[in-house]
Amino acid sequence: MGAAKPSGDDYLFEIAVFLATSALNCIDEPPLYGPFRLLDALSKIADLPKYAPCLKEDPFLQRIKAIVDEKKFLVMYNAEEFRKAIDEIVKMFAEELKRRYLEGGR
Amino acid sequence: MDVFEAIKGRRSVRKYKKEPVDRELVKKLLDAAHWAPSGGNIQPWLFIVIEDPKLLDVIRKVSPGYFGEAPLAILVCSNKEKAYKVGGTLGRDYLTICDCAMAVQNMLLAAYALGLGTCVVKSFSHTAVKELLAIPDGIEPELLVIVGHPDQVPKPPPKVPLSEIVYLNKYGEKFPSLEG
């Protein structure tokens, strides 16, 4: 927000604050906001390499992030589509797991 | 601007331009807010305008429901002690929330009429926000209104048709000829 790009440490701290405040808020928020916050956390974590040069940007995670950012607000008006979107994301992770660790694709 | 145009055109904006919001416009939003109806005329609302970029960034960090990097936010608080003195427990526990919500709606419509985008956030950490903004006991943060120049305006969300939520005279009795 107008400030310089945060360091990796700052960005990690920001994610930690997000997780802690989300944990507290999720106690009283609608149940579907739990998955919503987790997806948002995923989106933030996918960006970690932008702030921490020791990490390599992961094109797969960037693809997932784009889908998450496009679909996450479905939670506000279409629970069924929101659920489907998460299901699709998990399927993509399963395929990627297979590719990376079972088929030697990494 | 026609009030119906504002009511139907307003959206929850989650992507903003960096352009700052003119103070005169902010004053107009606050003026609109404090003209809202208030139960018992308690007027329990208090408004904290946050425009310091560093402070705003910290508030965003403790607000999981805060999306986008708008240059301004207005925290709408209620004075619970004042509300209790005038309106008892009804005033403190219910009217404060209703009144602040009505003030916020005024603010949202005024912002839309002025070409600004807004988003109302309830998903923020009350504990952290109170600490960061030095809010004393007896004053409760109710809603955070994000304000800025919209960069992307979402499509209208689906609405439950009026025919499903409006009755005539008695619960369950159809109100004729209602459309969405």
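As they're listed, the protein sequences go chains A and B.
Each residue of the first sequence is one higher than the one before, starting from 162 at the first, in my numbering.
Each residue of the second sequence is one higher than the one before, starting from 331 at the first, in my numbering.
Heads up, the beta-carbon is just placed ideally off N, CA and C, and yes, glycines get one too.
Which residues mark the beginning and the end of the beta strand (DSSP E) in which B:Asn409 is found? Leu402 to Asn409
Quick check on this structure: which residue in B:Pro374, B:Leu446 and B:Asp481 has the alpha carbon closest to the alpha carbon of B:Ala431? B:Pro374
Using a 10 Å radius around the Cβ and a threshold of 16 neighbouring Cβ atoms, would you call A:Leu224 buried or exposed? Leu is not the amino acid found at residue 224 of chain A; the sequence shown has Arg there. Classification for A:Arg224: exposed.
Identify whether A:Leu185 lies in helix, strand or coil by the three-state DSSP scheme. helix
Less than 8 angstroms between the CB atoms is what I'm expecting for B:Val477 and B:Thr448, so what's the real figure, rounded? 5 angstroms
Just to check my reading of the structure: B:Val475 and B:Ala403 have Cβ atoms closer than 8 angstroms, yes? What is that Cβ distance to the nearest angstrom? 7 angstroms
With 7 angstroms as the threshold, decide whether the Cβ of B:Val392 is near any Cβ in chain A. yes
DSSP bridge partner residues for B:Tyr497 (one or two, in chain order): B:Lys504
Let me know the secondary structure DSSP gives B:Val450 once reduced to three states. strand
Give, in chain order, every residue of the stretch 438-469 of chain B whose Cβ lies closer than 7 angstroms to some Cβ of chain A. Ser453, Ser455 and Ala458
Hey, out of B:Leu355, B:Thr426, B:Val434 and B:Val451, whose CA is closest to B:Gly395's CA? B:Val451
Give the DSSP bridge partners of B:Ser342, in chain order. B:Thr448
Which two residues bound the contiguous beta strand (DSSP E) that contains B:Gly478? Ile469 to Gly478
Exposed or buried, B:Pro422, counting other C-beta atoms within 10 Å across all chains shown (16 or more means buried)? With the sequence shown as reference, residue 422 of chain B is identified as Arg, and Pro is not the correct amino acid for it. Looking at its Cβ environment, which holds 16 or more other Cβ atoms inside 10 Å, B:Arg422 is buried.
I'd like to confirm the pairing. Which residues does DSSP put opposite B:Trp375 in its beta bridges? B:Ser408
Within chain B, the residues that A:Met253 reaches when beta carbons sit closer than 7 angstroms: Residues of chain B passing the Cβ test: none, with the nearest at roughly 23 angstroms.
What in chain B is Cβ-close to A:Arg198, meaning under 7 angstroms? Pro394
What are the boundary residues of the alpha helix (DSSP H) that A:Ala246 is part of? Ala240 to Leu258
Please go through the stretch 196-228 of chain A and give each complete alpha helix (DSSP H) segment of 4 or more residues, from N-terminal end onward. 209-212
Along the chain, where does the alpha helix (DSSP H) that runs through B:Tyr424 open and close? Here B:Tyr424 belongs to no alpha helix (DSSP H), and DSSP marks it neither H nor E.
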